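Peer 1: Take this structure first; my questions come after.
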Amino acid sequence: MKVAITFSYLGDEFHGSQIQPSLRTVQGELEKACRRLKWSPNGVKISSRTDAGVNARMNFAIIDVPEGIRNDLPKGLLKGLNDILPSSICVYDAEEVSNNCNIRNAKMRIYRYRMELLENWKKNIDLEEFNKALNIFLGEHDFSNFYKKEDERSTIRIIEEISPWISSENRIIGFEIKSKGFLWNQVRRIANCINGLLNHDFSEKEVIKSLKVGSAKTDFGLAPSRWLTLWHLEHNDLTQKLKNSFSEPPEVNDFENDRRINSIMIEVESKKHHAWLQFEFSQMLKLKLEN
Numbered sequence: 009m010k011v012a013i014t015f016s017y018l019g020d021e022f023h024g025s026q027i028q029p030s031l032r033t034v035q036g037e038l039e040k041a042c043r044r045l046k047w048s049p050n051g052v053k054i055s056s057r058t059d060a061g062v063n064a065r066m067n068f069a070i071i072d073v074p075e076g077i078r079n080d081l082p083k084g085l086l087k088g089l090n091d092i093l094p095s096s097i098c099v100y101d102a103e104e105v106s107n108n109c110n111i112r113n114a115k116m117r118i119y120r121y122r123m124e125l126l127e128n129w130k131k132n133i134d135l136e137e138f139n140k141a142l143n144i145f146l147g148e149h150d151f152s153n154f155y156k157k158e159d160e161r162s163t164i165r166i167i168e169e170i171s172p173w174i175s176s177e178n179r180i181i182g183f184e185i186k187s188k189g190f191l192w193n194q195v196r197r198i199a200n201c202i203n204g205l206l207n208h209d210f211s212e213k214e215v216i217k218s219l220k221v222g223s224a225k226t227d228f229g230l231a232p233s234r235w236l237t238l239w240h241l242e243h244n245d246l247t248q249k250l251k252n253s254f255s256e257p258p259e260v261n262d263f264e265n266d267r268r269i270n271s272i273m274i275e276v277e278s279k280k281h282h283a284w285l286q287f288e289f290s291q292m293l294k295l296k297l298e299n
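Read left to right, the sequence shown gives residues 9 to 299 (our numbering).
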């Protein structure tokens, strides 16, 4: 019997989501847990791949389980996996799917990037200016300048939505971006470019030109992976999942001019960020167990 699980994880704990020999990965930990339960002898298929350091509030995977598990869906399966998995991974939903389900074929993917944790992020950014920078990337463009080349795939992508991620007190946390599919490093390169635009390192004209087919090679840099989160997925074969968060990220302390001090502060902020994410993960699991 095929079951689609919905799960979350902290990216700093793993060398990416996809299995790699001799390295700790999310897929590897899921397969290890399934082996202990004598499930999924042919491995685990994950919906969305993420790089080392990238967090996921929501990802999907397909596993094979015995028919008898049907009566224990979802609570029994959730308990079985979560009792074995490390605390940095949380499986919080499970549902039976057909043998034809292609878990990779998500209808839509949403990422959130937490800009306020970048060292050179300027507080009190004008929201109109921020929106203007975001809207440059809206729609269909050639993202060859926002991609770590891995093969000859098309670099044309459609950004369905891109909007500010704002707190209830109008603090700009970062941005949310939505597309059916993203290129490798695309969102992190967009994040760094947006920050560069706001700091006047790049011009709007330069960025717009870089998004045209056949444009000259331009490097806008790569933002850190640890502030990126795969936030939400939609799949035609799975039930709709909760997109809204239960809380807001904690406020960020002001960074200093001294890089050594900042490096320590960034680690403090990272721990706060992880604690907030794990609270979100726990509430997703609690919601399912209480239903």
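Even for Gly, the Cβ is constructed at its ideal location relative to N, Cα and C.
All figures in this text were calculated on a predicted structure; none of them were measured in a lab.
Could you tell me the alpha carbon to alpha carbon distance between residue 88 and residue 156, rounded to whole angstroms?
Peer 2: The residue given as residue 88 occupies position 80 in the sequence shown. The residue given as residue 156 occupies position 148 in the sequence shown. Near 38 Å, if we compare the C-alpha coordinates of residue 156 and residue 88.
Peer 1: Out of 11, 43, 194 and 272, point me to the one whose CA is closest to residue 236's CA.
Peer 2: Counted from its first residue, the sequence shown places residue 236 at position 228. Closest by alpha carbon: 194.
Peer 1: Rounded to a whole number of angstroms, what is the C-alpha to C-alpha distance between residue 209 and residue 226?
Peer 2: Start at 1 with the first residue of the sequence shown, and residue 209 comes out as number 201. Start at 1 with the first residue of the sequence shown, and residue 226 comes out as number 218. Each residue's Cα considered, the two are about 13 Å apart.
Peer 1: Residue range of the beta strand (DSSP E) that residue 67 falls in?
Peer 2: Translated into positions along the sequence shown, residue 67 becomes position 59. Its beta strand (DSSP E) spans residues 63-72.
Peer 1: Touch check for the segment 90-110 and the segment 148-164: three-plus C-beta pairs under 8 Å?
Peer 2: With a cut-off of 8 Å, the segment 148-164 and the segment 90-110 do not count as touching, because too few Cβ pairs lie within range.
Peer 1: Going by DSSP in three states, residue 43 sits in which element: helix, strand or coil?
Peer 2: Against the sequence shown, residue 43 aligns to sequence position 35. Residue 43 falls in the helix class under three-state DSSP.
Peer 1: Quick check: what's the CA-CA separation for residue 12 versus residue 70?
Peer 2: The count along the sequence shown starts at 1 and reaches residue 12 at position 4. The count along the sequence shown starts at 1 and reaches residue 70 at position 62. Whole-angstrom Cα-Cα distance: 5 Å.
Peer 1: Are residue 206 and residue 138 closer than 9 Å when you measure CB to CB?
Peer 2: Mapped onto the sequence shown, residue 206 falls at position 198. Mapped onto the sequence shown, residue 138 falls at position 130. In this structure, residue 138 lies closer than 9 Å to residue 206 by Cβ.
Peer 1: Taking the straight line between their C-alpha atoms, what separation do you get for residue 64 and residue 17?
Peer 2: Residue numbering aside, residue 64 sits at position 56 when the sequence shown is read from its first letter. Residue numbering aside, residue 17 sits at position 9 when the sequence shown is read from its first letter. About 5 Å.
Peer 1: Between residue 57 and residue 96, which are expected to be in contact by the criterion C-beta below 8 Å, what is the C-beta distance as a whole number of angstroms?
Peer 2: Within the sequence shown, numbered from 1, the residue matching residue 57 stands at position 49. Within the sequence shown, numbered from 1, the residue matching residue 96 stands at position 88. That pair is no contact at about 17 Å.
Peer 1: Thinking residue 270 and residue 229 are a contact (beta carbons under 8 Å), I'd like their distance in whole angstroms, please.
Peer 2: As a working note, residue 270 is residue 262 in the sequence shown. As a working note, residue 229 is residue 221 in the sequence shown. 18 Å between Cβ atoms; not a contact.
Peer 1: Does the distance from the C-beta atom of residue 175 to that of residue 181 stay below 9 Å?
Peer 2: Counting from 1 along the sequence shown, the entry for residue 175 is found at position 167. Counting from 1 along the sequence shown, the entry for residue 181 is found at position 173. In contact: residue 175 and residue 181 (Cβ atoms closer than 9 Å).
Peer 1: I think residue 91 touches residue 233, with their Cβ atoms under 8 Å apart; what is that distance to the nearest whole Å?
Peer 2: Residue mapping note: residue 91 aligns to position 83 of the sequence shown, counting from 1. Residue mapping note: residue 233 aligns to position 225 of the sequence shown, counting from 1. Their Cβ separation, rounded to whole angstroms, is 29 Å, which puts residue 91 and residue 233 out of contact at 8 Å.
Peer 1: Residue 116 and residue 39 look like a contact to me (Cβ under 8 Å); what is the Cβ gap, rounded to whole Å?
Peer 2: Indexing the sequence shown from 1 puts residue 116 at position 108. Indexing the sequence shown from 1 puts residue 39 at position 31. Not a contact, Cβ separation roughly 27 Å.
Peer 1: What residue from 44, 61, 37 and 62 has the CA that sits closest to residue 53's CA?
Peer 2: Your numbering for residue 53 matches position 45 in the sequence shown. Minimum Cα distance to residue 53 is reached at 37.
Peer 1: Would you grab the beta carbon distance between residue 238 and residue 66 for me? Rounded to a whole angstrom, and I think it's under 8 Å.
Peer 2: Locating residue 238 in the sequence shown gives position 230, where the first residue counts as 1. Locating residue 66 in the sequence shown gives position 58, where the first residue counts as 1. About 7 Å; that satisfies the 8 Å criterion.
Peer 1: Please classify residue 275 as buried or exposed, where buried requires at least 16 neighbouring CB atoms within 10 angstroms.
Peer 2: The sequence position of residue 275 within the sequence shown is 267, counting from 1. When all chains shown are included, residue 275 counts as exposed.
Peer 1: Is the beta carbon of residue 118 less than 9 Å from the beta carbon of residue 240?
Peer 2: By one-based count along the sequence shown, residue 118 stands at place 110. By one-based count along the sequence shown, residue 240 stands at place 232. Contact flag set, yes.
Peer 1: Tell me which residues share the same chain as residue 262 and place their Cβ nearer than 8 Å to its Cβ, disregarding the 5 neighbours each side in the sequence.
Peer 2: By one-based count along the sequence shown, residue 262 stands at place 254. Contacts found: 131.
Peer 1: Assign residue 215 to one of three DSSP states: helix, strand, or coil.
Peer 2: By one-based count along the sequence shown, residue 215 stands at place 207. The answer is helix: DSSP assigns residue 215 an H, G or I state.
Peer 1: Tell whether a beta-carbon distance below 9 Å holds between residue 142 and residue 172.
Peer 2: Here residue 142 refers to the residue found at position 134 of the sequence shown. Here residue 172 refers to the residue found at position 164 of the sequence shown. Yes, they are a contact pair.
Peer 1: What are the start and end residues of the beta strand (DSSP E) that includes residue 97?
Peer 2: Locating residue 97 in the sequence shown gives position 89, where the first residue counts as 1. Note, residue 97: beta strand (DSSP E), 97-104.
Peer 1: How would you call residue 33, buried or exposed, if buried means at least 16 neighbouring beta carbons within 10 angstroms?
Peer 2: For the purposes of this step, residue 33 is taken as the residue at position 25 of the sequence shown. So residue 33 ends up on the buried side.
Peer 1: Measuring alpha carbon to alpha carbon, tell me which of 98, 298 and 144 ends up nearest residue 212.
Peer 2: Start at 1 with the first residue of the sequence shown, and residue 212 comes out as number 204. It is 144.
Peer 1: What does DSSP give as the partner residues of residue 12 in its beta bridges?
Peer 2: The sequence position of residue 12 within the sequence shown is 4, counting from 1. Paired residues: 70 and 103.
Peer 1: Threshold first: 4 residues or longer. Then list the alpha helix (DSSP H) segments lying entirely within the segment 135-199, N to C.
Peer 2: Runs found: 135-143.
Peer 1: Please classify residue 133: does DSSP put it in a helix, a strand, or coil?
Peer 2: What you label residue 133 is simply residue 125 of the sequence shown in a count that begins at 1. DSSP places residue 133 in coil when its eight states are reduced to three.
Peer 1: Would you mind sorting residue 162 into buried or exposed? The rule is 16 or more other CB atoms within 10 Å of its CB.
Peer 2: Numbered from its first residue, the sequence shown carries residue 162 at position 154. Exposed, by the Cβ-count rule.
Peer 1: For the alpha helix (DSSP H) holding residue 208, just list the boundary residues, first then last.
Peer 2: As a working note, residue 208 is residue 200 in the sequence shown. It is not in any alpha helix (DSSP H) - residue 208 carries neither H nor E in the DSSP assignment.
Peer 1: Going straight from the alpha carbon of residue 221 to that of residue 165, what length do you get?
Peer 2: Working through the sequence shown from its first residue, we reach residue 221 at position 213. Working through the sequence shown from its first residue, we reach residue 165 at position 157. Rounded to the nearest angstrom, the two C-alpha atoms are 12 Å apart.
Peer 1: Could you give the C-beta distance for residue 48 and residue 72, rounded to a whole number, given that I count them as a contact under 8 Å?
Peer 2: In the sequence shown, the residue the question calls residue 48 occupies position 40. In the sequence shown, the residue the question calls residue 72 occupies position 64. 5 Å between Cβ atoms; contact.
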